[in-house]
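So the protein sequences, as listed, match chains A and B. Residues 120 to 229, numbered by this note's numbering, are exactly what the first sequence covers, in order. Residues 704 to 819, numbered by this note's numbering, are exactly what the second sequence covers, in order.
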Amino acid sequence: EDQVTQSPEALRLQEGESSSLNCSYTVSGLRGLFWYRQDPGKGPEFLFTLYSAGEEKEKERLKATLTKKESFLHITAPKPEDSATYLCAVQAGSARQLTFGSGTQLTVLP
Amino acid sequence: NAGVTQTPKFRVLKTGQSMTLLCAQDMNHEYMYWYRQDPGMGLRLIHYSVGEGTTAKGEVPDGYNVSRLKKQNFLLGLESAAPSQTSVYFCASSLITGIYENYGYTFGSGTRLTVV
Numbered sequence: 120e121d122q123v124t125q126s127p128e129a130l131r132l133q134e135g136e137s138s139s140l141n142c143s144y145t146v147s148g149l150r151g152l153f154w155y156r157q158d159p160g161k162g163p164e165f166l167f168t169l170y171s172a173g174e175e176k177e178k179e180r181l182k183a184t185l186t187k188k189e190s191f192l193h194i195t196a197p198k199p200e201d202s203a204t205y206l207c208a209v210q211a212g213s214a215r216q217l218t219f220g221s222g223t224q225l226t227v228l229p
Numbered sequence: 704n705a706g707v708t709q710t711p712k713f714r715v716l717k718t719g720q721s722m723t724l725l726c727a728q729d730m731n732h733e734y735m736y737w738y739r740q741d742p743g744m745g746l747r748l749i750h751y752s753v754g755e756g757t758t759a760k761g762e763v764p765d766g767y768n769v770s771r772l773k774k775q776n777f778l779l780g781l782e783s784a785a786p787s788q789t790s791v792y793f794c795a796s797s798l799i800t801g802i803y804e805n806y807g808y809t810f811g812s813g814t815r816l817t818v819v
């Protein structure tokens, strides 16, 4: 059974204080690892897909990396508007659907 | 660009009542999914569809039924609602991309359902 674990559950940062969110996974045959952002009362919004260990993707202050066991979402000099819940998901084996972690709730204080 | 539209946005049901949640997408996506989101448990897959006329069970299918009569619509039904089905329901769609899922899901804005 595919498992996705995100840590920490919640993270509070001061504006400009860089940090990383962790997504560890146990799957058989990873085909893709996805990061989403979810704002309160809204559906998740797609950020990145990573396919193989060593791959990196960047978007503004966010950078996602992937190893064989985990992925990190690095947030550089965050701003209050980066506050959201960040979800990690995997697609593995012959599955067409994604398996999600429970998310990290990020709060960036001004 | 509407993307994925879910109706209704909010609903309160009494135990034992039935209802249907509607999901519509205008992106010509083949795949559609229904997830529920509960505090501390993340998104869990209820049912999904890989094309018009086909559906399959996900992780938590009990108490729900689905239909995909048209490619753009995916309906989620609750035949006899229970308090345990109080949740936020999200519909999503995605393209078929062969081996790799290049674009991920496009989600709707959710339906907040309370069963009393």
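Note that the Cβ used here is the ideal one computed from N, Cα and C, for glycine as well. Remember, predicted model here, so these are calculated numbers, not experimental data.
Proximity test, Cβ basis, 7 angstroms: residue i and chain B
i: A/P163; result: yes
i: A/T168; result: yes
i: A/G220; result: yes
i: A/F191; result: no
Cβ pair residue i, residue j closer than 7 angstroms
i: B/T723; j: B/G780; result: yes
i: A/T218; j: A/D121; result: yes
i: A/R131; j: A/T195; result: no
i: B/G813; j: B/F793; result: yes
i: A/S138; j: A/F191; result: no
i: B/T809; j: B/G706; result: yes
Proximal chain B residues relative to residue i, where beta-carbon distance stays under 7 angstroms
i: A/Q216; result: Y736, L748, Y751 and G761
Assigned secondary structure, residue i (DSSP; H/G/I helix, E/B strand, else coil)
i: B/Q788; result: helix
i: A/E200; result: helix
i: A/N141; result: strand
i: A/Y205; result: strand
i: A/K176; result: strand
i: A/L217; result: coil
CB contact check: residue i to chain A, cutoff 7 angstroms
i: B/S812; result: yes
i: B/G719; result: no
i: B/F777; result: no
i: B/F713; result: no
Chain-ordered neighbours of residue i on chain A, where CB pairs are closer than 8 angstroms
i: B/M744; result: S221
Next on the checklist: Taking contact to mean 3 or more Cβ pairs, one atom from each stretch, closer than 8 angstroms, check whether the stretch 149–159 of chain A and the stretch 199–210 of chain A are in contact.
Outcome noted: yes
Item to check | Given 8 angstroms, three or more beta-carbon pairs between the stretch 141–155 of chain A and the stretch 206–215 of chain A | outcome: yes
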